Amino acid sequence: MNLLLENAKIIDPSQDLNKKGNVAIEEGKIKGFPKKISDSRYKHYKRIDCTGKIVSPGLIDLHVHLREPGYEYKETIKTGTEAAAAGGFTTIVCMPNTNPINDNASVTEFILYKARTEGLVNVLPIGAITIGEEGQDLAHIGEMYEAGCVGISDDGMSVMDSGIMRSAMDYVKAFNIPVLIHAEDKGLSCDGVMNEGFTSTVLGLRGIPNSSEEVMIARDINLCELTGTHLHICHVSTRGSVRLIREAKSRGVNVTAEATPHHFHLTDEIVKDYNTFAKVNPPIRTSADVQAIRQGLADGTIDVIATDHAPHSEDEKKVEFDKAPFGISGLETALQLSLQLVEQDVISLEYMISKFTNIPAKVIGLDKGTLKEGADADLVVFNTEDKSVIDRHKFYSKGKNTPFHDWKVKGKVNYTIVNGRIVYKNL
Ligand SMILES: [Zn+2]
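Per the working numbering, the sequence shown starts with residue 1, numbered consecutively.
Structure, rendered in structure tokens:
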């Protein structure tokens, strides 16, 4: 079906575009911004009135856990992509820590098959760095790349052996895809369950120091310089990490980084009632870290906003703090929570959209995140005004685990369009 989005505020950072206009979509592709739409040419188009609404490229999330195969009780590719569509995402990148781990082409192909047949949005898998994410032997990276993986990561784990990390970074250069790191020195985080500091002491919970993240980021920036491979740093949580990345970028090191809404909004006091919905890895830190991440987002040190969507079942989270799994369900709140950065004058609306569209596309070398003529018609139509209260029970995701339940937010996704097809609508 051909679509005509009328009277929209079109924001496309890939073309430095912010203007009123119409967007024509033909056979799944962007067909441009026609001025005259009374034309008989558009007679058979489905028209959507976008007055007062923003049309931008569909959002791209570089960090999602879809849980399938293996943990379908937490999330499936079907429910995860439904959540993505409801959040305005048209492309999501899924991490390999499923069961089995995505460390070979057959798992990659399974995920892509499921996404094609049951998914609502584009799904791009990340392959593991090492077999079973065990940090020992390199995974079947070449065949996973051939099958469709857009990067490699042992997310959830760190490759502790620097020699193996160097080999992975050397090897992956041939495919021109990034290495995405979950930076955590297990020797420092030990069995920590929250940020190490005043709050953890008061609560009597084992802490994870900032240095556990920073040590690994420093090492991998060093290996990035040694190998020249593109390094992407996931879910930055500390002020020291922001400083390290800023310094590396100033020297021209090939590094990019992402931050999540929970890390730029919350401080570790959220855990004070032993709130397992706020148990996440890396942990939620202090206000000094939050300020540094916001500054990093504003000055470009942190390139991308990603969710680290990590759904878990209610039973798993409703246990004592020590025993609960790490993770927050993030796909359905990310846009609204990021719009708060705009309202608080941390970043402009255009820059926020850029951190969800053309910049993440560039990180994984993807030809999306743009409304250029001929591009895939992946778009989101949203407004910044509609007020709502986050209600975790209404999530499409099976994971209802969010510390943002009951938060008052503004902004609403009205349509999510993937390849010219409306996959989500909420007026
Ligand atoms: Zn991670």
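Backbone N, C-alpha and C fix where the C-beta goes; we use that ideal spot for every residue, glycine too. Small disclaimer: the values here were computed from a predicted structure and weren't measured.
Mapping the DSSP letters down to three states, classify Ser354 as helix, strand or coil.
Position 354 of the sequence shown holds residue 354. DSSP places Ser354 in helix when its eight states are reduced to three.
Can you name the start and end residues of the alpha helix (DSSP H) that Gly21 belongs to?
If you number the sequence shown from 1, residue 21 lands on position 21. First-last for Gly21: 17-26, but that is the beta strand (DSSP E), not the alpha helix (DSSP H).
Do you know how far the Cα of Ser167 is from the Cα of Phe89?
Taking the sequence shown and counting its residues from 1, one reaches residue 89 at position 89. Taking the sequence shown and counting its residues from 1, one reaches residue 167 at position 167. Going from the Cα of Phe89 to the Cα of Ser167 covers about 34 Å.
What is the DSSP secondary structure of Tyr42, counted as helix, strand or coil?
For the purposes of this step, residue 42 is taken as residue 42 along the sequence shown, with counting starting at 1. If DSSP states are grouped into helix, strand and coil, Tyr42 belongs with the helices.
From what residue to what residue does the alpha helix (DSSP H) around Asp315 run?
Here residue 315 corresponds to residue number 315 of the sequence shown, with the count starting at 1. Counting along the chain, the alpha helix (DSSP H) containing Asp315 begins and ends at 314-317.
Taking the alpha carbon of Asp220 as the point to measure from, which residue in Ile25, Cys234, Gly420, Pro209 has its own alpha carbon closest?
Here residue 220 is taken as the residue at index 220 of the sequence shown, counted from 1. Minimum Cα distance to Asp220 is reached at Cys234.
The alpha helix (DSSP H) that contains Thr229, what's its start and end?
Your numbering for residue 229 matches position 229 in the sequence shown. Segment: none, Thr229 is in no alpha helix (DSSP H) and carries neither H nor E.
Give a single yes or no on whether Cys234 has its beta carbon closer than 6 Å to a heavy atom of ligand 1.
The count along the sequence shown starts at 1 and reaches residue 234 at position 234. Answer for Cys234: yes, Cβ within range of ligand 1.
Does DSSP put Ile126 in a helix, in a strand, or in coil?
Counted from its first residue, the sequence shown places residue 126 at position 126. Reduced to three states, the DSSP call for Ile126 is coil.
Hey, Ile77 and Gly119: beta-carbon distance below 7 Å or not?
Position 77 of the sequence shown, counted from the first residue, corresponds to residue 77. Position 119 of the sequence shown, counted from the first residue, corresponds to residue 119. Cβ distance < 7 Å, so Ile77 and Gly119 count as in contact.
Answer yes or no: the CB of Asp155 versus the heavy atoms of ligand 1, is any distance below 6 Å?
Along the sequence shown, read from residue 1 onward, the residue named residue 155 stands at position 155. Under cutoff, so the answer is yes.
Buried or exposed for Asn195, please, with buried defined as at least 16 other CB atoms from any protein chain shown within 10 angstroms of its CB.
Here residue 195 refers to the residue found at position 195 of the sequence shown. It counts as buried.
What residue range is occupied by the uninterrupted alpha helix (DSSP H) comprising Pro261?
Along the sequence shown, one-based indexing puts residue 261 at 261. From DSSP, the alpha helix (DSSP H) with Pro261 extends over 261-265.
If distances are taken between C-alpha atoms only, which option among Val150, Lys35, Asp137, Ile141 comes closest to Ile126?
As a working mapping, residue 126 is identified with position 126 in the sequence shown. Cα-wise, what sits closest to Ile126 is Val150.
For a test of the three-state rule: what should DSSP assign to Asn419, helix, strand or coil?
Working through the sequence shown from its first residue, we reach residue 419 at position 419. Note: Asn419 maps to coil in three-state DSSP.
Could you check where the beta strand (DSSP E) with Ser56 kicks off and where it finishes?
Translated into positions along the sequence shown, residue 56 becomes position 56. Residues 54-57.
Below 6 Å, is the gap between the Cβ of His182 and the nearest heavy atom of ligand 1?
Counting from 1 along the sequence shown, the entry for residue 182 is found at position 182. Answer for His182: yes, Cβ within range of ligand 1.
For His232, count neighbouring C-beta atoms within 10 Å of its own C-beta (all shown protein chains included) and say buried if the count is 16 or more, exposed if not.
In the sequence shown, the residue the question calls residue 232 occupies position 232. That one is buried.
Relative to the C-alpha of Val242, which residue among Gly296, Val193, Trp407 is closest?
To locate residue 242, count along the sequence shown from 1; it is residue 242. For Val242, the nearest C-alpha among the options comes from Gly296.
By Cβ distance, which residues of its chain are closer than 6 Å to Met144, with the 5 residues on each side in sequence left out?
Residue 144 sits at position 144 when you count from the first residue of the sequence shown. Excluding sequence neighbours, Met144 sits near Ala105, Thr108, Gly127.
Return the CA-CA distance between Phe264 and Ser329, expressed in angstroms with no decimal places.
On the sequence shown, position 264 is the one that residue 264 refers to. On the sequence shown, position 329 is the one that residue 329 refers to. If you take the alpha carbons of Phe264 and Ser329, they lie about 16 Å apart.
To the nearest angstrom, report how far apart Ala278 and Tyr45 are at their CA atoms.
Position 278 of the sequence shown, counted from the start, is the residue given in the question as residue 278. Position 45 of the sequence shown, counted from the start, is the residue given in the question as residue 45. About 46 Å.
Using 8 Å for Cβ pairs, my map puts Asn22 next to Ile37. What's the rounded Cβ distance?
As a working note, residue 22 is residue 22 in the sequence shown. As a working note, residue 37 is residue 37 in the sequence shown. Going by Cβ atoms, the distance from Asn22 to Ile37 rounds to 5 Å, so yes, they are a contact pair.
So for Ile152, helix, strand or coil by DSSP?
Locating residue 152 in the sequence shown gives position 152, where the first residue counts as 1. Strand.
Which whole-angstrom value is the C-beta distance of Tyr71 and Thr98, which I expect to be below 8 Å?
Here the question's residue 71 lines up with position 71 in the sequence shown. Here the question's residue 98 lines up with position 98 in the sequence shown. 7 Å between Cβ atoms; contact.
Between Val449 and Leu205, is the Cβ-Cβ spacing less than 7 Å?
Lying outside 1 to 427, the shown extent of the chain, residue 449 is not represented and no answer is given.
Could you have a look at Phe277 and say whether DSSP puts it in helix, strand or coil?
Counting from one through the sequence shown, the residue named residue 277 turns up at place 277. Helix at Phe277.
For the segment 255-274 against the segment 337-347, are there 3 or more C-beta pairs whose distance is under 8 Å?
In short, these stretches touch, since the Cβ pair count reaches three.
When DSSP labels each residue in this structure, what does Ala139 get in the three-state scheme?
To locate residue 139, count along the sequence shown from 1; it is residue 139. The answer is coil: DSSP assigns Ala139 none of H, G, I, E or B.
Rank Asp161, Asn122, Val121, Tyr171 by C-alpha distance to the C-alpha of Gly142 and give the top, closest one.
Here residue 142 corresponds to residue number 142 of the sequence shown, with the count starting at 1. Taking only the C-alpha atoms, the option nearest Gly142 is Tyr171.
Measuring alpha carbon to alpha carbon, tell me which of Ile101, Leu124, Arg116 ends up nearest Gly135.
By one-based count along the sequence shown, residue 135 stands at place 135. The shortest C-alpha separation from Gly135 is found at Ile101.
Let me know the secondary structure DSSP gives Ile328 once reduced to three states.
Sequence index remark: in the sequence shown, residue 328 carries index 328 (1-based). In this structure, Ile328 counts as strand in the three-state DSSP scheme.
Tell me whether the beta-carbon of Val253 lies closer than 7 Å to the beta-carbon of Cys224.
Residue 253 sits at position 253 when you count from the first residue of the sequence shown. Residue 224 sits at position 224 when you count from the first residue of the sequence shown. Closer than 7 Å, so yes.
According to DSSP, simplified to helix, strand and coil, what is His63?
Working through the sequence shown from its first residue, we reach residue 63 at position 63. Correct three-state label for His63: strand.
Answer with buried or exposed for Met169, where buried requires no fewer than 16 other C-beta atoms within 10 angstroms of its C-beta.
Taking the sequence shown and counting its residues from 1, the one referred to as residue 169 is at position 169. Met169 is buried by the Cβ-count criterion.
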